[in-house]
Amino acid sequence: MSALQSILLSLPPERSHDLAIVGLKGAALLPGRVSPLPGRSTTILGKPLRNPVGLAAGLDKNAEAVLGLARCGFGFVEVGTVTPLAQPGNPQPRLFRLPEHKALINRMGFNNDGMQAMARRLARVRSSNKLCGTLLGVNLGKNKDTPNEDAASDYLKGMDCLHGYADYFTINLSSPNTPGLRSLQHGDALRSLLSRLKERQLQLAGQSQPVPLMLKVAPDLSSDDVAQIAEQVVACAFDGVIATNTTLSREAVAEHPHAIETGGLSGQPLADRSVEVVRQLRSVLPEGMALVGVGGISTESQARDMLQAGAQAIQIYTSFIYNGSKMVHKLVAATN
Ligand SMILES: Cc1cc2nc3c(=O)[nH]c(=O)nc-3n(C[C@H](O)[C@H](O)[C@H](O)COP(=O)(O)O)c2cc1C
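Just so we're aligned, residue 106 is where the sequence shown starts under our numbering, counting upward by one.
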């Protein structure tokens with residue numbers, strides 16, 4: 106572990122997160138263009154991907170540090186979750202480390218500066234022309250105060266505001282920290298939401314290539330749920346799926362003093378379940394449909410397992426928090 110990493114991990118979790126973002130923001134001022142580490146190149150969502158290792162959503166919720174994060178070597182960086190209006194999220198403390206399990210529990214609650222602030226930042230990133238080959242995903246959510254019946258309008262606002270900057274959108278219906286959000290992953294609510302977003306995607310594109318739409322799903326779903334979600338994704342001509350978000354399960358960390366904290370558990374304890382969801386999705390989704398695997402990846406073999414289960418690309422969050430950019434180097438090498 107680097108000295109900087111040790112210092113960051115000795116501070117309270119949210120303080121060290123904020124400091125890391127400040128440092129990564131500074132990295133944007135460095136001269137020169139920023140490219141992904143060379144690795145196993147592939148095509149995803151019709152776009153070239155220089156290596157299959159991405160940053161998962163939630164670390165740079167406000168797109169403040171895109172260039173600094175891209176400098177870590179990721180093939181793709183996903184910012185957000187962003188909501189139409191700025192909101193403070195849940196009261197602190199809301200982020201807990203479980204280092205013995207290489208895990209985190211968070212109940213951040215979509216704290217973010219809102220879509221207009223993100224649009225201004227992404228406009229600067231794009232006009233700097235420094236991002237050279239790193240794909241940029243924008244993860245969209247709904248405001249806490251927006252009732253589920255009106256959820257579609259929040260996602261549509263996000264698409265309208267940010268479609269000029271995103272290489273793809275992720276529709277996040279799987280955060281456990283916005284009350285009721287995950288119920289949108291089921292039945293008619295899912296179908297009607299996805300079809301409205303698809304319609305807007307095509308309208309916004311006009312004659313040009315539409316910005317692809319990915320759906321991010323929870324790990325806490327039955328296999329019937331997963332099958333039904335896959336059916337709707339195909340029926341509504343969505344472009345891909347990201348699996349998975351954090352879990353409510355505490356089975357693997359039951360003895361830990363933080364196990365009683367509410368929120369989503371990420372990291373090592375999630376790894377097996379995420380691979381299982383990806384494997385099931387791959388078996389039912391059409392062959393070429395984009396599938397990104399995320400959850401607990403920190404070793405070479407976990408990265409390879411996820412790709413073997415059928416993901417074309419992977420994302421990391423928790424292992425990046427614990428290990429910094431050397432985790433990106435390790436996983437890019439492992440997947441080459
Ligand atoms: C502190 C924290 C905040 C997160 N915020 C978001 C978010 O805003 N949107 C989202 O889709 N996922 C969010 N996630 C979930 C991650 O993107 C990822 O799906 C999950 O942590 C599993 O990957 P990991 O085990 O590599 O961390 C968050 C995770 C953590 C730990």
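Cβ atoms here follow ideal geometry from the backbone N, Cα and C, with glycine treated the same way. This structure is a prediction, so every number in the text was calculated from the model and none was measured.
In chain order, Arg355 and Val358 place their CB closer than 7 Å to the CB of Ala364, counting only its own chain and leaving out the 5 sequence neighbours on each side. Asp293 and Leu135 have their C-alpha atoms spaced approximately 49 Å apart. In this structure Ile276 is buried. Its beta-carbon is surrounded by 16 or more other beta-carbon atoms within 10 angstroms. Taking C-beta atoms as the reference points, Leu289 and Ala335 fail to come closer than 8 Å. Met213 has its CB nearer than 7 Å to a heavy atom of ligand 1.
Cα atoms of Thr188 and Asn195: separation of roughly 14 Å, rounded to the nearest angstrom. Going by DSSP, Gln308 is part of the alpha helix (DSSP H) stretching over Gly292 to Ala310. With contacts defined as CB atoms closer than 8 Å, Lys166 and Asn216 qualify as a contacting pair. Within the same chain, and ignoring the five residues on either side of Ala208 in sequence, the residues whose Cβ sits closer than 7 Å to its Cβ are Val358, Leu370, Ser371, Gly372, Gln373, Pro374 and Thr423. Ser371 has its CB nearer than 7 Å to a heavy atom of ligand 1. Between the alpha carbons of Asn428 and Leu109 lies a gap of roughly 10 Å. Judged by DSSP in its simplified three-state form, Asn244 adopts strand. Separation of the CB atoms of Gly263 and Met220 is rounded to 5 Å, and the pair is thereby assigned contact status at 8 Å. Per DSSP, Pro118 is one residue of the alpha helix (DSSP H) stretching across Pro118 to Ala132. Arg409 is not bridged by DSSP to any residue.
By the CB criterion at 8 Å, Lys249 and Tyr260 fall outside the cutoff. In the DSSP assignment, Gly238 is bridged to no other residue.
Contact between the segment 127-145 and the segment 380-398 is absent: fewer than 3 CB-CB pairs across the two stretches fall below 8 Å. Taken through DSSP and simplified to helix, strand or coil, Arg202 comes out as strand.
Separation of the CB atoms of Arg176 and Val230 is rounded to 12 Å, and the pair is thereby denied contact status at 8 Å.
In this structure Ala310 is exposed. Its beta-carbon is surrounded by fewer than 16 other beta-carbon atoms within 10 angstroms.
In terms of Cβ geometry, Glu183 and Asn282 do not form a close pair [threshold 8 Å]. By the Cβ criterion, the segment 311-331 is in contact with the segment 394-402, since at least three pairs of Cβ atoms, one from each stretch, lie closer than 8 Å. Close CB contacts of Lys235 within its chain, under the 7 Å cut and outside five residues either way in sequence, are with Arg138, Val139 and Leu172 (chain order).
Pairing Tyr273 with Cys341, the inter-Cα distance amounts to about 16 Å. For Ala191, the CB stays at least 7 Å from every heavy atom of ligand 1. For Lys435, the secondary structure class from DSSP, reduced to helix, strand or coil, is helix.
By DSSP's assignment, Ala348 forms a beta bridge with Val322 and Gly398. The bridge partners DSSP lists for Thr275 are Asn244 and Met319.
Here the C-alpha atom of Leu298 lies approximately 11 Å from the C-alpha atom of Arg305. Apart from the 5 residues on each side of it in sequence, Leu174 sits with its Cβ closer than 8 Å to the Cβ of Leu129, Leu160, Leu164, Asp165 and Val182 in its chain, given in chain order. Counted as a single uninterrupted DSSP element, the beta strand (DSSP E) harbouring Glu183 occupies residues Phe181 to Val187. Between Ala162 and Gly180 a beta carbon distance of about 15 Å is seen, past the 8 Å cut, so the two are scored as non-contacting. Between ligand 1 and Ile421, a heavy atom-to-CB distance of less than 7 Å is present.
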